[in-house]
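Engineer: Before I ask anything, here is the structure I am working with.
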Amino acid sequence: MPIVAQSTETTDWVSRFADEVIAESERRAPGKPVVVASGLSPSGPIHLGNLREVMTPHLVADEVRRRGHEVRHLISWDDYDRYRKVPAGVAGVDETWAEHIGKPLTSVPAPKGSPHPNWAEHFKAAMVASLAEMGVEFDGISQTAQYTSGVYREQILHAMRHRRDIDAILDQYRTKKAPGKKPQKSQKPVDEAELEAAEGSGAAAEDDGSSGSAGYFPYKPYCGNCEKDLTTVTAYDDDSTELTYACTACGFSETVRLSEFNRGKLVWKVDWPMRWAYEGVVFEPSGVDHSSPGSSFQVGGQIVGIFGGKQPIGPMYAFVGISGMAKMSSSKGGVPTPADALQIMEPQLLRWLYARRRPNQSFKIAFDQEIQRLYDEWDRLEAKVAGGTSRASSTGGGSVLPADAAAHSRAVRTAAGELPRTPRPLPYRTLASVADITAGHEDQALRILGELDPANPITSLDEARPRYDKAEAWINTHVPADQRTIVRQEPDAELLKSLDEPSRQSLRLLLDGLADHWSLDGLTHHVYGVPKVQAGFPADATPKELPPEIKTAQRTFFALLYHLLVGRDTGPRLPTLLLAVGQDRVRTLLGE
């Protein structure tokens with residue numbers, strides 16, 4: 012089977028795939044545009060697991076484009092698929108929507124309140140907007156438009172003429188079951204919602220055609236009365252192309268001439284390879300739901316020859332998990348979408364998460380506190396790349412591996428140019444803390460951010476956007492209310508009165524140096540330095556120069572500050588919190 016080899020080396024996986032795709036395209040269709048493909052079913056919210064179906068060929072296509080080749084990235088919208096089930100987490104959906112099961116997705120009404128004409132267009136629109144924000148260039152193909160306009164008529168008639176050959180291929184797999192495999196730890200879903208995110212469109216589970224007393228047929232009409240695909244072909248004549256079907260849902264039956272009939276489609280395991288041949292697809296990845304014996308991708312590799320084509324090369328891609336999944340799925344009723352991710356993170360970060368891992372590697376997208384660590388990692392990479400350091404070996408602590416540099420480049424720009432970026436990308440955790448403490452008051456947020464670096468102050472929140480807006484959205488939508496920061500209105504007189512002399516001395520040391528250290532870096536140095544000075548060490552003493560008990564003293568000091576400022580043991584980073592509260596209020600709350 013023509014699957015692209017996947018290495019464990021540190022070289023850039025996108026470049027290696029691009030090499031193979033260009034070579035394969037030249038063998039198959041010399042001088043013609045390189046064709047890569049994705050398929051998405053707008054049967055409900057298109058989630059972050061589905062996004063890998065798009066990002067893998069997008070990154071390869073973009074690399075091919077950077078090298079000066081003409082390339083088409085096709086996204087087939089499987090909007091002529093049947094409406095399989097009512098998805099969870101869709102506003103306005105109730106049991107009455109079950110009556111549409113079996114109809115084409117484009118024949119199902121859009122969710123209540125939607126401006127779009129049907130179910131498929133509603134969910135397609137959200138994905139199109141997200142892909143535009145991420146800089147993904149593609150050619151969209153509506154399968155409803157293709158089938159109902161007769162574009163595939165010759166392919167349908169060809170499949171019906173060769174139905175016995177197709178049936179013979181499918182019959183090799185019908186009684187076979189996938190061998191039992193233990194899932195790799197890296198790919199084990201954490202709960203039912205994440206398992207849903209690991210599934211594909213559901214097309215892999217569709218039947219492979221009707222087989223009854225009249226024989227096997229790879230074509231399924233939609234009923235002319237109830238519009239559902241609960242139909243059985245009862246007769247077909249190759250010469251006249253007359254086809255008779257009966258609907259098991261409503262009892263309707265009719266005889267049509269297939270050479271003129273456009274209300275039906277090839278079953279999935281025939282439809283997919285037909286499109287490979289029709290479009291000349293060279294590269295298309297497949298998800299884990301297409302990887303078992305008898306699956307769509309494997310069977311398609313044989314069926315595509317009936318249509319005179321070849322199976323695309325392409326990797327199987329692994330799960331995309333969600334950090335904080337259980338919390339999200341319980342509140343939303345479904346798995347998060349690219350739009351959900353882009354609400355709380357910049358497109359560059361989301362692109363980077365898909366670019367830095369080979370398709371066969373699973374990874375997680377963070378919606379919980381982990382997002383702050385991911386942003387810290389991203390900012391460190393940005394700083395290294397900006398410094399111009401790269402390396403081909405493992406030496407040099409401050410340099411960047413070529414694969415990491417390539418992933419960064421693919422995250423921040425496409426062949427068409429750089430993605431819009433935040434002019435002053437301040438640390439995400441700092442912005443989140445400021446947004447948390449100020450609770451939507453932009454004037455207060457600007458005051459705090461302006462004091463982070465007095466030598467080069469921010470003068471407008473626009474300088475920190477869109478990253479500030481993403482951090483604020485994360486605070487407002489993904490941090491539980493009991494973890495939000497509420498600064499005390501009045502000093503905790505009882506706690507202040509109960510303090511022993513060492514604790515009082517630590518507060519005096521902090522307050523005495525407050526004005527001289529009023530910046531993010533200055534307060535960081537000062538807050539960590541107070542316990543050192545109190546123990547008789549220089550404020551700039553390194554951990555190696557200090558006894559272990561200094562760390563304990565620092566933790567005790569920090570806990571005291573949090574209790575006096577926000578009434579809890581923990582909170583945002585203290586330097587940021589102090590800046591947010593302001594000097595005068597800090598002095599009041601600390602008992603000066």
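Take any residue in the sequence shown, note its place counting from 1, add 11, and you have its number in the working numbering.
Glycine included, C-beta positions come from ideal geometry on N, C-alpha and C.
1. Check the DSSP bridge columns for Gly298 and list the partner residues they point to.
2. Distance check for Phe228 and Ser36, CA to CA, integer angstroms please.
3. Quick check: what's the CA-CA separation for Ser404 versus Gly398?
4. From what residue to what residue does the beta strand (DSSP E) around Ser153 run?
5. Identify which residue in Tyr158, Ala526, Val310 has its Cα closest to the Cα of Asp219.
6. Quick one: is Glu388 buried, meaning 16 or more other Cβ sit within 10 Å of its Cβ, or exposed?
7. I'd like to check one pair, Phe134 with Ile610: are the Cβ atoms closer than 8 angstroms?
8. Where do the ends of the beta strand (DSSP E) carrying Trp88 lie?
9. In whole angstroms, what separates the C-alpha of Phe569 from that of Glu110?
10. Among residues of its own chain, excluding the 5 on either side of Met66, which ones have a beta-carbon nearer than 6 angstroms to its beta-carbon?
11. Flag this pair as touching only if the region 315 to 323 and the region 446 to 460 have three or more C-beta atom pairs under 8 angstroms; answer yes or no.
12. Buried or exposed: where does Ser297 fall if 16 or more other Cβ atoms within 10 Å of its Cβ makes it buried?
13. Let me make sure I understand the geometry here. Which of Asp249, Ser530, Met145, Asp182 has the alpha-carbon closest to that of Glu165?
14. Measure the alpha-carbon distance for His301 versus Arg63 and round it to whole angstroms.
15. Please report the distance separating the alpha-carbon of Ser26 from that of Val490.
16. Within this structure, are the beta carbons of Asp90 and Pro53 separated by less than 8 angstroms?
17. Output the distance between the C-alpha atoms of Ile497 and His574, rounded to the nearest integer angstrom.
18. Taking the Cβ atom as the reference point for each residue, do Glu81 and Pro115 lie within a distance shorter than 8 angstroms?
19. Looking at C-alpha atoms only, which residue of Pro347, Ala414, Val538 is the closest neighbour of Gly60?
20. Across which residues does DSSP place Ala99 in a beta bridge pair?
21. Would you say the region 430 to 446 touches the region 473 to 485, given that touching needs at least three Cβ pairs under 8 angstroms?
22. Checking the sheet assignment: what are the DSSP bridge partners for Leu254?
23. Give me, in chain order, the residues of the same chain whose beta-carbon lies closer than 7 angstroms to that of Val267; leave out the 5 immediate sequence neighbours on both sides.
24. Can the beta-carbon of Leu433 be found closer than 8 angstroms to that of Ala475?
25. How should Gly42 be labelled, buried or exposed, when 16 other C-beta atoms within 10 angstroms of its C-beta is the threshold for buried?
26. Helix, strand or coil: how does DSSP classify Arg39 here?
27. Could you tell me which of Gly55, Arg38, Thr107, Phe28 sits nearest to Glu74, measuring between CA atoms?
28. As an exercise, report each continuous alpha helix (DSSP H) stretch of at least 4 residues that is fully enclosed by the region 152 to 184, in chain order.
29. Give the single residue among Ala257, Ser224, Tyr247 whose Cα lies nearest to the Cα of Cys237.
30. Taking Ala72 as the reference, give the member of Ala121, Gly55, Ser49 with the closest Cα.
31. Identify which residue in Thr243, Gly524, Val541, Val293 has its Cα closest to the Cα of Glu31.
32. So the candidates are Gly262, Lys555, Asp240, Tyr386; which of them puts its Cα closest to the Cα of Pro438?
33. So, helix, strand or coil for Glu453, using DSSP?
34. Identify, in the order they occur along the chain, each residue of the same chain with its Cβ nearer than 6 angstroms to the Cβ of Leu457, setting aside the five sequence neighbours on each side.
35. Taking the alpha carbon of Pro326 as the reference point, which residue from Gln455, Arg369, Glu290 has its own alpha carbon closest?
36. Report the rounded CA-to-CA distance for Gly312 versus His173, giving the unit in angstroms.
Structural biologist: With the structure as the only source:
1. In the DSSP secondary-structure assignment, Gly298 is bridged to Tyr328.
2. Between the C-alpha atoms of Ser36 and Phe228 there is a straight-line separation of about 33 angstroms.
3. With a pLDDT of 35 at Ser404, under the threshold of 50, the modelled position of this residue cannot be trusted; read the value that follows with caution. Looking at the two C-alpha atoms, the distance is approximately 18 angstroms.
4. Counted as a single uninterrupted DSSP element, the beta strand (DSSP E) harbouring Ser153 occupies residues 150 to 153.
5. Per the Cα distances, Val310.
6. Answer is exposed; the Cβ neighbour count stays below 16.
7. No information on residue 610 is available, as it lies outside the stretch 12 to 603 that the chain covers here.
8. That run of the beta strand (DSSP E) goes 82 to 88.
9. Phe569 and Glu110 have their alpha carbons spaced roughly 59 angstroms apart.
10. Tyr365, listed in sequence order.
11. In short, these stretches do not touch, since the Cβ pair count stays below three.
12. With a threshold of 16 other beta carbon atoms within 10 Å, Ser297 meets it and is buried.
13. The shortest C-alpha to C-alpha distance from Glu165 to any of Asp249, Ser530, Met145, Asp182 is the one to Asp249.
14. Near 14 angstroms, if we compare the C-alpha coordinates of Arg63 and His301.
15. Taking the straight line from one Cα to the other gives about 39 angstroms.
16. If you check the CB distance, Asp90 and Pro53 come in under 8 angstroms.
17. If you take the alpha carbons of Ile497 and His574, they lie about 11 angstroms apart.
18. Taking 8 angstroms as the Cβ cut-off, Glu81 and Pro115 do not qualify as a contacting pair.
19. Ranking Pro347, Ala414, Val538 by Cα distance to Gly60 puts Pro347 first.
20. DSSP lists no partner for Ala99.
21. Look at the beta carbons and you see the region 430 to 446 touching the region 473 to 485: at least three pairs across the two are nearer than 8 angstroms.
22. In DSSP, Leu254 forms a bridge with Tyr247, Val267.
23. Closer than 7 angstroms at the Cβ level, and outside the excluded window around Val267, lie Leu254.
24. Checking the sequence shown, residue 433 turns out to be Thr, not Leu. The answer is yes: Cβ separation under 8 angstroms.
25. Gly42 comes out exposed.
26. Here Arg39 sits in helix by DSSP.
27. Minimum Cα distance to Glu74 is reached at Phe28.
28. Counting only runs that start and end inside the region 152 to 184, the alpha helix (DSSP H) elements of at least 4 residues fall at 154 to 159, 164 to 172, 174 to 182.
29. Comparing Cα-Cα distances from Cys237 to each of Ala257, Ser224, Tyr247, the minimum goes to Ala257.
30. Looking at Ala121, Gly55, Ser49, the one whose alpha-carbon comes closest to that of Ala72 is Ser49.
31. The shortest Cα separation from Glu31 among Thr243, Gly524, Val541, Val293 belongs to Val293.
32. Nearest C-alpha to Pro438: Tyr386.
33. Reduced to three states, the DSSP call for Glu453 is helix.
34. Here Leu457 has Leu472 as same chain residues with Cβ atoms under 6 angstroms from its own Cβ, once five neighbours each way along the sequence are excluded.
35. The option with the nearest alpha carbon to Pro326 is Arg369.
36. The straight-line gap from Cα to Cα measures roughly 16 angstroms.
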